[in-house]
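Chemist:
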Amino acid sequence: MGPALLSQKDKFLEIAVKKLGGIPLDFSERMQFIKETLGTGEVHQAAGVLLLLHFRKNHERPEKQEGEFTFQLIKRSAAVAQPGDLSCPGGFLQRFLDPLLRPFVTSGFVPILRGDALTYARKRDAETFRVMTLFLTNALRESWEEIKLSPWNVIFLGPLPTYSLTLYRRTIFPLVGFVKNPWPIRLNSEADRVVEIPLKSFFEEGNYGLYTVEVSDQSRSNCEESSYPCFIHKDDKGGEEILWGATFNIIVNFLQAVLDYKLPDMHAKKMIKMTRHPRYLEMIRSNMEKRNNFCKERDHECRSIQGV
1471 MGPALLSQKD
1481 KFLEIAVKKL
1491 GGIPLDFSER
1501 MQFIKETLGT
1511 GEVHQAAGVL
1521 LLLHFRKNHE
1531 RPEKQEGEFT
1541 FQLIKRSAAV
1551 AQPGDLSCPG
1561 GFLQRFLDPL
1571 LRPFVTSGFV
1581 PILRGDALTY
1591 ARKRDAETFR
1601 VMTLFLTNAL
1611 RESWEEIKLS
1621 PWNVIFLGPL
1631 PTYSLTLYRR
1641 TIFPLVGFVK
1651 NPWPIRLNSE
1661 ADRVVEIPLK
1671 SFFEEGNYGL
1681 YTVEVSDQSR
1691 SNCEESSYPC
1701 FIHKDDKGGE
1711 EILWGATFNI
1721 IVNFLQAVLD
1731 YKLPDMHAKK
1741 MIKMTRHPRY
1751 LEMIRSNMEK
1761 RNNFCKERDH
1771 ECRSIQGV
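The letter at position 116 of the sequence shown is residue 1586 when you use my numbering, and the numbering goes up by one with no holes.
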């Protein structure tokens, strides 16, 4: 399977649901690990994100039902950690609110779980289903807050394996959703804009590179440098967006699971160098410390919530 499938909307969605429905998952194991850190000095955080797919129609030939699939990502604003990065809509699990909202998803009141995707989800063990739907609820709530994406406009396609950020003690629980229709996007302070990237562009080797992040502190005359594989998206106006890190890996996992995709050799690829101020990492660490302190203060309440 490859790029040719991406022009066949119904067929691609059918295959995606089937492939994601059978993918091995570690949701319950990771959630158990996270719960065990609540009473320690190193609280591990959990976040649900939605990898959004949309079929963008060719308006020049609407009668042919032609178009292309795109990923819908958000560009993070200057008001949050990792400003300028591309990410999936989502955020930290709210241990009080999200369990209260979860029944709206599992009962069918919000008709996001349906058809074969629901059947596959129900075939998993009860704890995995519970955790999966909890983070689906979490990601839907965050998507509404960040970009005003209505949960009634999303169809659940399936889960992806968790992605852990060991440096920041955080585990991401990715869920894949299909956006049925365009909607009037309204951004909150965390999002700068929505960026659409065609899936077919991930099959063009020239769009990949190595992203070198240099954290430089001129006052201390030292710097840290690391390189990561990245995807370079060129928009219609000639601008470039760099996709790297957790979101890059989540998308690669999706493409590998659904389309048997293989990441191209990154040697001799385009090199992109970005110099970050130490505050880039400090903001991330500061946010994590605030979250950890909050959980320490509310630890007895966090533990008392049933099912979290």
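Ideal placement from N, C-alpha and C gives every residue a C-beta, glycine not left out.
Please list, in chain order, all residues of the same chain as Lys1489 whose beta carbon is under 7 Å from its beta carbon, the five residues on each side excluded.
Modeler: Ala1727, Val1728
Chemist: I'd like to confirm the pairing. Which residues does DSSP put opposite Ile1712 in its beta bridges?
Modeler: Ile1702
Chemist: With distances taken Cα to Cα, identify the nearest neighbour of Ile1642 among Pro1553, Gly1708, Tyr1633.
Modeler: Tyr1633
Chemist: Quick one: using the 10 Å Cβ neighbour count with 16 as the cut-off for buried, is Ala1517 buried or exposed?
Modeler: With 16 or more other Cβ atoms from the protein chains shown falling within 10 Å of its own Cβ, Ala1517 counts as buried.
Chemist: Determine the closest residue to Phe1724 out of Pro1494, Leu1583, Thr1607, Lys1545, with distance taken between C-alpha atoms.
Modeler: Pro1494
Chemist: For Gln1542 and Val1664, I'd like the C-alpha separation in whole angstroms.
Modeler: 7 Å
Chemist: On the CB-based measure, 16 or more other CB atoms within 10 Å of its CB, does Ala1549 come out buried or exposed?
Modeler: Sixteen is the threshold: since fewer than 16 other Cβ atoms of the shown chains lie within 10 Å of the Cβ of Ala1549, the residue is exposed.
Chemist: According to DSSP, is Leu1520 part of a helix, a strand, or is it coil?
Modeler: Leu1520 falls in the strand class under three-state DSSP.
Chemist: Does Phe1482 come out as helix, strand or coil in the three-state DSSP assignment?
Modeler: helix
Chemist: Skipping 5 residues on each side, what residues in its chain have a beta carbon closer than 6 Å to that of Asn1608?
Modeler: Closer than 6 Å at the Cβ level, and outside the excluded window around Asn1608, lie Gly1518, Leu1563, Asp1568.
Chemist: Cβ atoms of Arg1640 and Leu1604: under 8 Å apart, would you say?
Modeler: no
Chemist: Of the choices Ser1498, Phe1579, Val1649, Gly1561, whose alpha-carbon is the least far from that of Lys1479?
Modeler: Val1649
Chemist: So, are the CB atoms of Leu1583 and Ile1720 less than 8 Å apart?
Modeler: The Cβ atoms of Leu1583 and Ile1720 lie no closer than 8 Å to each other.
Chemist: Pick helix, strand or coil for Ser1577, following the three-state DSSP scheme.
Modeler: coil
Chemist: If contacts are defined as beta-carbon pairs under 8 Å, then Ala1587 and Phe1626 qualify, I think. What distance do you get, rounded to the angstrom?
Modeler: 5 Å
Chemist: With a threshold of 16 other CB atoms inside 10 Å of the CB of Ala1486, please say whether the residue is buried or exposed.
Modeler: It counts as buried.
Chemist: Considering only the beta carbon of each residue, do Pro1559 and Ser1613 sit closer than 8 Å?
Modeler: yes
Chemist: Ordered along the chain, which non-local residues of its own chain (more than five positions away) have a Cβ less than 6 Å from that of Ser1689?
Modeler: Residue placement at Ser1689 is poorly supported in this model, since its pLDDT is 47, which falls under 50; the coordinates are not used for a value here.
Chemist: Opposite Gln1542 in the DSSP bridges: which residues?
Modeler: Leu1522, Glu1666
Chemist: When you compare the CB positions of Leu1556 and Leu1733, do they come within less than 8 Å of one another, or not?
Modeler: no
Chemist: Could you please give the first and the last residue of the uninterrupted alpha helix (DSSP H) stretch that includes Arg1565?
Modeler: Element bounds for Arg1565: n/a, residue is neither H nor E.
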